[in-house]
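Colleague: Numbering (UniProt numbering), first residue to last: 1 to 254. The beta-carbon is built from N, C-alpha and C at its ideal position, and this holds for glycine as well. This one's a predicted model, so the numbers in the text were calculated from it and none came from an experiment.
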Ligand SMILES: NC(=O)c1ccc[n+]([C@@H]2O[C@H](COP(=O)([O-])OP(=O)(O)OC[C@H]3O[C@@H](n4cnc5c(N)ncnc54)[C@H](O)[C@@H]3O)[C@@H](O)[C@H]2O)c1
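1) Can the beta-carbon of residue 219 be found closer than 8 Å to that of residue 189?
2) Is residue 112 close to ligand 1? I mean its beta-carbon at under 7 Å from any heavy atom of the ligand.
3) Taking Cβ to Cβ, would you say residue 244 is nearer than 8 Å to residue 183?
4) Verify the contact flag: residue 192, CB atom, against every heavy atom of ligand 1, threshold strictly below 7 Å.
5) Just reading off the alpha helix (DSSP H) that residue 113 is part of, what are its end residues?
6) Check whether the Cβ atoms of residue 110 and residue 158 lie closer than 8 Å to each other.
7) Between which two residues does the beta strand (DSSP E) harbouring residue 12 extend?
8) What are the boundary residues of the alpha helix (DSSP H) that residue 276 is part of?
9) Using a threshold of 8 Å, state whether the C-beta atoms of residue 196 and residue 249 are closer than that.
10) Could you give the C-beta distance for residue 16 and residue 42, rounded to a whole number, given that I count them as a contact under 8 Å?
11) CB-CB under 6 Å to residue 222, same chain, minus the five flanking residues each way: which ones, in chain order?
12) Using the Cβ count rule (16 or more neighbours within 10 Å means buried), how would you classify residue 147?
13) Give a single yes or no on whether residue 177 has its beta carbon closer than 7 Å to a heavy atom of ligand 1.
14) Tell me where the beta strand (DSSP E) around residue 243 begins and ends.
15) Have a look at 200, 207, 234, 46 and flag the residue whose alpha-carbon is nearest the alpha-carbon of residue 24.
16) Could you name the residues of the same chain whose beta carbon sits closer than 7 Å to that of residue 227, not counting the 5 residues immediately before and after it, in chain order?
17) Could I get the ranges of all uninterrupted alpha helix (DSSP H) runs contained in the segment 14–92, with 4 residues as the minimum, in chain order?
18) Compare the beta carbon distance of residue 162 and residue 145 with 8 Å and say whether it is the shorter of the two.
19) May I have the straight-line CA-CA distance separating residue 62 from residue 70, to the nearest angstrom?
20) Sort 2, 210, 122, 215 by Cα distance to residue 168 and report the nearest one.
21) Going by other Cβ atoms of all chains shown within 10 Å of its Cβ, with 16 needed for buried, is residue 143 buried or exposed?
22) Whole-angstrom Cβ separation of residue 255 and residue 127, contact assumed at under 8 Å?
23) Buried or exposed: which applies to residue 185, given that a residue is buried once 16 or more other Cβ atoms fall within 10 Å of its Cβ?
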């Protein structure tokens, strides 16, 4: 991918699943990477796995906390000598019927997936404007930000919010040379989805993949990482304020 070599990249939620695959992809492209993640041990494990590929370090913290985000972004800037790309990827999800969602559960999903996305994006955008070099911010939404999957009202609302946050940031930050886009993956095989599917039998999951995804399978974290790499690269120099859907055709079904 053009223009990624030497780029200074922060991947929030980079310790697992899509984020870890993305950190790996950027390292393979010659970028220098800092990953975030909620769990210190998981961050350390992923950094150890990725270290043979290039320059990578990790900073644990909760993206819904202003203090943790200040540590994450400040630490990444210090480690890399500035920033060029934010992969704003951290997020959480669980199934819960609309009629049973408690206010606490609602607040937690919104705090991580929407407030967290805002806090990290704003801190990085402020740094990029002060740095004066432009840059790229990629926000993780979902096909659940474009359609209302049952049992995910809080998650769907958070991911829909990410799309309008992305468009508004694009409108305001374009004049600073900061490109902002969102990703909308469909059903991707990751630890998050394994945890959600743990209570379902294998037959349900394979029937879901067959009936709801025209390509007939779940996506791979590496296939989403490729989308992040494209959007961060110079090949996407005029792609701004939009979203890239990576869903095996799921949204194409009527
Ligand atoms: N897996 C899918 O099918 C799918 C589809 C669309 C969008 N997404 C989104 O992709 C992103 C990554 O999901 P994944 O499937 O790789 O999940 P995952 O559970 O494998 O990874 C989630 C990452 O986010 C971090 N994280 C979670 N809560 C955090 C918090 N409060 N503070 C800081 N970091 C936190 C975790 O530590 C981990 O690094 C999420 O935003 C998710 O909503 C996933």
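Modeller: Taking the geometry as given:
1) yes
2) yes
3) Yes, these two residues count as a Cβ contact at 8 Å.
4) Under cutoff, so the answer is yes.
5) Where residue 113 is concerned, there is no enclosing alpha helix (DSSP H), given that its DSSP letter is neither H nor E.
6) yes
7) 8–12
8) In this structure the chain extends from 1 to 254, so residue 276 is not present and cannot be described.
9) no
10) 6 Å
11) Setting aside the 5 residues that flank it on each side, residue 222 is surrounded in the same chain by 21, each with a C-beta closer than 6 Å to its C-beta; the list follows chain order.
12) exposed
13) no
14) Element bounds for residue 243: 243–246.
15) Nearest option by C-alpha distance: 46.
16) 183, 244, 246
17) 17–28, 40–50, 66–80
18) yes
19) 11 Å
20) 122
21) buried
22) No answer is possible for residue 255: it lies beyond the span of the chain, which begins at 1 and ends at 254.
23) Per the 10 Å Cβ criterion, buried.
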